[in-house]
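Everything in the sequence shown is counted per this note's numbering, starting at 131 for the first residue and increasing by one.
Yeah, the Cβ is synthetic: ideal placement off N, Cα and C, and Gly gets one too.
Predicted, not measured: the structure shown is a model, and the values here were computed from it.
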Amino acid sequence: HFYLKEAINLKPKEPIAYLICGEIFFWQSDYEEAKNNLTKSRDYKAKINNLYIILGNSYLFNKKYVNAPYYYNIALENSPDNYLCLKNIAYSYEKQYEYPEALKELDKLLNTNKDDSLILCYYGEILCNMEQY
């Protein structure tokens, strides 16, 4: 962290140092610090799609299910078939009991791979939760 803090002190508006710092905090499971650094990186106009995925993951792993889909959807603008983003959006909606929204995301996943048995199982589980299976 010392070198990153030094880089931030030398160039406080350089987004890449905040991104790297945020990613390190994320991998250390310090999701609040990860979000703080990643948000600064975003505010300083970092144009890295992975930034939004890590931000979404930070909210998801911190059980802030309402916020996570927002960042995943930004990442999907550049990569509409991103399996991880679609799956995590569905999971976020399921944790909020927004089952129809979760199913919409799973439909998108099934459109890219109709034979994905894990997604089919997850789809059935959500239908079961909705008492429609």
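Per DSSP, what kind of secondary structure is residue i in: helix, strand or coil?
i: proline 230; result: helix
i: proline 145; result: helix
i: proline 199; result: helix
i: tyrosine 189; result: helix
What's the gap between the Cα of residue i and the Cα of residue j?
i: isoleucine 184; j: aspartate 211; result: 17 Å
i: lysine 234; j: lysine 135; result: 42 Å
i: alanine 176; j: proline 199; result: 19 Å
i: tyrosine 253; j: phenylalanine 155; result: 33 Å
i: aspartate 246; j: asparagine 259; result: 20 Å
i: asparagine 166; j: cysteine 151; result: 10 Å
What residues in its chain sit with their C-beta under 6 Å from that of residue i, if we drop five residues either side in the sequence?
i: cysteine 215; result: Tyr202, Ala205, Leu206
i: asparagine 197; result: Tyr189
i: lysine 143; result: Tyr174
Which whole-angstrom value is the C-beta distance of residue i and residue j, which I expect to be below 8 Å?
i: tyrosine 229; j: isoleucine 256; result: 5 Å
Which same chain residues end up closer than 7 Å to residue i when comparing Cβ atoms and leaving out the 5 residues on each side of it in sequence?
i: proline 145; result: Ser171, Tyr174, Lys175, Ala176
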